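One structure below.
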Amino acid sequence: MDLIDILLSASFWTAAIRIASPLIFATLGELICERAGVLNLGIEGIMVAGAFAGWMGAYSGLGLWGGVCVAMAVGMMFGLIHSLLTVPFGLSQHVVGLGVTLLATSMTYYAYRLALPEVTSPPKIDAFQPFEIPLLSDIPLIGPALFSQTPLTYLAFTLVGVVWVVLYRTPLGLALRAAGENPAAVAAQGLSVTGIRMGAVIIGSGLMAVGGAFLTMSAFDSFFFEMVNGRGWICIALVVFGAWKPGKALLGAILFAAFDALQIRIQQSPLGADIPYQVFLMMPYFLSILALIVMSRRAEVPAALMVPFNKGER
Amino acid sequence: MRLEPIANPTVARSTLLPTAAIATTVVIASLLAMVAGANPFLVLGEIIKGAAGSKFALLETLNRATPLIFTGLAVAVAFRAKLWNIGAEAQLYAGALVTVVLGTGALGLPSWMLLPTLAVLAMLAGAVVLLIPALLKVRFGVDEVVTTLLFNFIFLLFISMLLEGPLKDPMGMGWPKSARLIPEARLPRIFDGLRLHWGFGLALIAACVVWVIERRTTLGYEMRAVGLNREAAQFAGIPVNAVLIKTALLSGGLAALAGFSEASGLKGNLTLDLSPGFGYTGIIVAMLALLNPLAVVAAALFVAGIFVGADSMSRAVGVPTYLADIMLATALLLMVLAIMLTRFRIVRE
Numbered sequence: 001m002d003l004i005d006i007l008l009s010a011s012f013w014t015a016a017i018r019i020a021s022p023l024i025f026a027t028l029g030e031l032i033c034e035r036a037g038v039l040n041l042g043i044e045g046i047m048v049a050g051a052f053a054g055w056m057g058a059y060s061g062l063g064l065w066g067g068v069c070v071a072m073a074v075g076m077m078f079g080l081i082h083s084l085l086t087v088p089f090g091l092s093q094h095v096v097g098l099g100v101t102l103l104a105t106s107m108t109y110y111a112y113r114l115a116l117p118e119v120t121s122p123p124k125i126d127a128f129q130p131f132e133i134p135l136l137s138d139i140p141l142i143g144p145a146l147f148s149q150t151p152l153t154y155l156a157f158t159l160v161g162v163v164w165v166v167l168y169r170t171p172l173g174l175a176l177r178a179a180g181e182n183p184a185a186v187a188a189q190g191l192s193v194t195g196i197r198m199g200a201v202i203i204g205s206g207l208m209a210v211g212g213a214f215l216t217m218s219a220f221d222s223f224f225f226e227m228v229n230g231r232g233w234i235c236i237a238l239v240v241f242g243a244w245k246p247g248k249a250l251l252g253a254i255l256f257a258a259f260d261a262l263q264i265r266i267q268q269s270p271l272g273a274d275i276p277y278q279v280f281l282m283m284p285y286f287l288s289i290l291a292l293i294v295m296s297r298r299a300e301v302p303a304a305l306m307v308p309f310n311k312g313e314r
Numbered sequence: 001m002r003l004e005p006i007a008n009p010t011v012a013r014s015t016l017l018p019t020a021a022i023a024t025t026v027v028i029a030s031l032l033a034m035v036a037g038a039n040p041f042l043v044l045g046e047i048i049k050g051a052a053g054s055k056f057a058l059l060e061t062l063n064r065a066t067p068l069i070f071t072g073l074a075v076a077v078a079f080r081a082k083l084w085n086i087g088a089e090a091q092l093y094a095g096a097l098v099t100v101v102l103g104t105g106a107l108g109l110p111s112w113m114l115l116p117t118l119a120v121l122a123m124l125a126g127a128v129v130l131l132i133p134a135l136l137k138v139r140f141g142v143d144e145v146v147t148t149l150l151f152n153f154i155f156l157l158f159i160s161m162l163l164e165g166p167l168k169d170p171m172g173m174g175w176p177k178s179a180r181l182i183p184e185a186r187l188p189r190i191f192d193g194l195r196l197h198w199g200f201g202l203a204l205i206a207a208c209v210v211w212v213i214e215r216r217t218t219l220g221y222e223m224r225a226v227g228l229n230r231e232a233a234q235f236a237g238i239p240v241n242a243v244l245i246k247t248a249l250l251s252g253g254l255a256a257l258a259g260f261s262e263a264s265g266l267k268g269n270l271t272l273d274l275s276p277g278f279g280y281t282g283i284i285v286a287m288l289a290l291l292n293p294l295a296v297v298a299a300a301l302f303v304a305g306i307f308v309g310a311d312s313m314s315r316a317v318g319v320p321t322y323l324a325d326i327m328l329a330t331a332l333l334l335m336v337l338a339i340m341l342t343r344f345r346i347v348r349e
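So the protein sequences, as listed, match chains W and D. Using the UniProt record's numbering, the first residue of the first sequence is number 1, and each one after it goes up by one. Using the UniProt record's numbering, the first residue of the second sequence is number 1, and each one after it goes up by one.
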């Protein structure tokens, strides 16, 4: 059967890991925000801004890693706007998040039009190339899938470990998780809930932007409108699917990406010839909704998610 | 710093702060226009001229405001009950879909029967589209923000599939668009010779009806109670889940009317660019109107004016039209901040 062949082919898993990489960055970013108690619906727009900023940075001669830093900085700037409005001022996280998405998206498109007036097709950059890790990349199946990726993918996987260690093995992580569960207790310890939450949103937004930059600097080599195409919203579903835990979120992102890679292959196979291509494109969104329904039974939501904290208020 | 409620905000405070929000938006837009190398006064002047400078411009603004009134009402109703319907875009297309499926000859009724039938069935379709996320919310506790957002993508792909398949116009030269509505299914113009259709009239009526529902009926009272404090509403014996479902049906139906009105009043067929994000813009309209149904009309006119004005400004001065979207996002964020600051003061520790 074709399906087995696909699932056992190295190119399939290479594609799956590649598709998963931007989702890993952005899902980790959203997870950090939500663990501190802030829902960040700015994610979709911040990914758009990151995709453009990273690509533009590299295109203007800052180098690929320079571009990634620009993307991160732009993401953090939008994170600052989001966190200023939602944390000390306690405004609706839904409204501010959607506002930030709109602001980031429209500013990106505005900047694109100003930077490249009257171009028919956007210029290409020399994107990140796959880097084969010696020895490890020779392992059958796993080698090409995990160890012949671009440096940004390695960074994504490394960050999962880093975020896990920080969240569960450091005082900072404890304070961050407590800010999302019981902010009054954090304040009673003499720590600033506002500071922790704002920091989490700013760092998390930076990661979302790097996720966007992966699209223009590693997966592709150019910037297109609509290229993020709902990935941000999917990452919000992945955080829920991963029960707000970095390891499970990684697993969710890979599962999701494998499914996405699979639908592309079925679409191209004789099996997919009779089915409208839109059906395949719908699948990732349906899968996200399904994941939300399945996972909703075990609610492990941070207790103070979306609850503003105002010191002195009882 | 912390926030301290103000018992009785002064008139100066509650007028100056929102004014400052709008003024700051204008300043930011001017700065961005200067970044683009244009004279900010010229840019702002062209936007105002393009939105309301002539009879043609004004009619264009009214036409553009029409779908925004519907989606703005849809969002306002839902947000009032803290039902986060971000899916007005999908519900809009559901309404347009029903309109073209039944209005291209399938129902051979006279106009006075066909138009109300189409409107009601369109509303039903929109209601059903929002019913699914609403049921998932009350039954499984699935967050409706993400589901309604994802449904937008699914529904647009579904429309695309139909427009390239069963609904494709054989006379459409290969373009993915539906056949044209029969004349009986077209909303007439309000004034002879002026490009303004009765969709606008319907939108005004809808705003009044929603206002009456919200302020003068038990359902409206329950919706507001659920939105203010869900636990307290439950404790007071209000059937919270039933209220949320009813709210969803009303909200989805209103958003679908935008699709009906655009297809039947303006375009006459269904294409994938029927709505350039009216569903999402409805959120801005509703927030600027502070979720008040009557203020939605004013907010929709303001937002439509900015869009229409920016289009014509862009043609005249060459500054990208995305300036309009930036202005609206900035206005939205600053306005929610300003409204909050009218009710709270910042206290330094």
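From the three backbone atoms N, C-alpha and C, an ideal C-beta is built for every residue, glycine too. These figures come from a predicted structure and were not determined experimentally.
- Cβ contact annotation for D/L121 (same chain, cutoff 6 Å, sequence separation greater than five): V98, in chain order.
- Straight through space, the alpha carbons of W/P151 and W/F286 are spaced by roughly 31 Å.
- If you check each beta-carbon in the stretch 274 to 297 of chain W against every beta-carbon of chain D, the ones closer than 8 Å belong to P276, Q278, V279, L281, M282, Y285, F286, S288, I289, L292, I293, S296, R297.
- C-alpha of W/I142 to C-alpha of W/Y168: approximately 28 Å in a straight line.
- Taking a beta-carbon distance threshold of 8 Å, W/A179 does not count as an interface residue toward chain D.
- What D/M161 touches in chain W, judged by beta-carbon distance under 8 Å, is P276, Q278, V279, going in chain order.
- At the C-beta level, D/N85 and D/V75 come within 8 Å of one another.
- A residue is called buried when at least 16 other Cβ atoms come within 10 angstroms of its Cβ; W/G211 meets this threshold and is buried.
- Here D/I346 carries a strand assignment [DSSP, helix/strand/coil].
- Boundaries of the beta strand (DSSP E) around D/P5: 2 to 5.
- The contact set of D/W84 on chain W, defined by CB atoms closer than 9 Å, consists of H94 in chain order.
- The bridge partners DSSP lists for D/H197 are D/R189.
- Using a Cβ-Cβ cut-off of 8 Å, D/I28 does not count as an interface residue toward chain W, since no Cβ of chain W sits closer than that to its own.
- Contact between D/I182 and D/G265 does not hold, since their C-beta atoms are separated by about 14 Å, which reaches or exceeds 8 Å.
- Of all residues in the stretch 104 to 128 of chain W, only S106, M107, Y109, Y110, R113, L114 come within less than 7 Å of chain D when Cβ atoms are compared, listed by chain position.
- Around the Cβ of D/D169, a 10 Å sphere holds 16 or more other Cβ atoms; the residue is buried.
- Under DSSP, D/K168 shares a beta bridge with D/S178.
- Non-local beta-carbon contacts of W/D260 in its own chain, meaning distances under 7 Å to residues more than five positions away in sequence, involve I19, P284 in chain order.
- Between the C-alpha atoms of D/D273 and D/A256 there is a straight-line separation of about 16 Å.
- Proximity to W/Q278 across D/A179, D/R315, D/L31, D/L156 peaks at D/L156, based on C-alpha coordinates.
- Secondary structure remark: continuous alpha helix (DSSP H) runs of at least 4 residues inside the stretch 4 to 66 of chain D, in chain order: 11 to 35, 40 to 52.
- For W/W55, the number of other beta carbons within 10 angstroms of its own is at least 16, and it is reported as buried.
- The three-state reading of DSSP puts D/T271 in strand, counting E and B together.
- Here D/I283 is buried. Its C-beta has 16 or more other C-beta atoms within 10 Å.
- Among the CB atoms of chain D, one or more fall inside 8 Å of the CB of W/L102.
- Counting along the chain, D/A125 sits inside the alpha helix (DSSP H) bounded by residues 111 to 140.
- In the structure shown, the three-state DSSP call for W/A291 is helix.
- Counting only runs of 4+ residues, the alpha helix (DSSP H) found wholly inside the stretch 61 to 116 of chain W occupies 64 to 86, 93 to 115, in chain order.
- Under the three-state reduction of DSSP output, W/K248 falls in the helix class.
- Residue-level contact by beta carbon holds for D/V142 and chain W, with a gap shorter than 8 Å.
- Relative to the Cα of D/N39, the nearest Cα in the group D/R348, D/V319, D/A338 belongs to D/V319.
- Chain D has a Cβ within less than 8 Å of the Cβ of W/G99.
- Pairing W/I202 with D/A125, the inter-Cα distance amounts to about 41 Å.
- For the pair W/A10 and W/Q129, the Cα-to-Cα distance works out to about 18 Å.
- Taking the Cβ atoms as the reference, D/L73 lies roughly 6 Å from D/P293, within the contact range of under 8 Å.
- Only W233, I236, A237 from the stretch 232 to 250 of chain W bring a Cβ to less than 7 Å from some Cβ of chain D.
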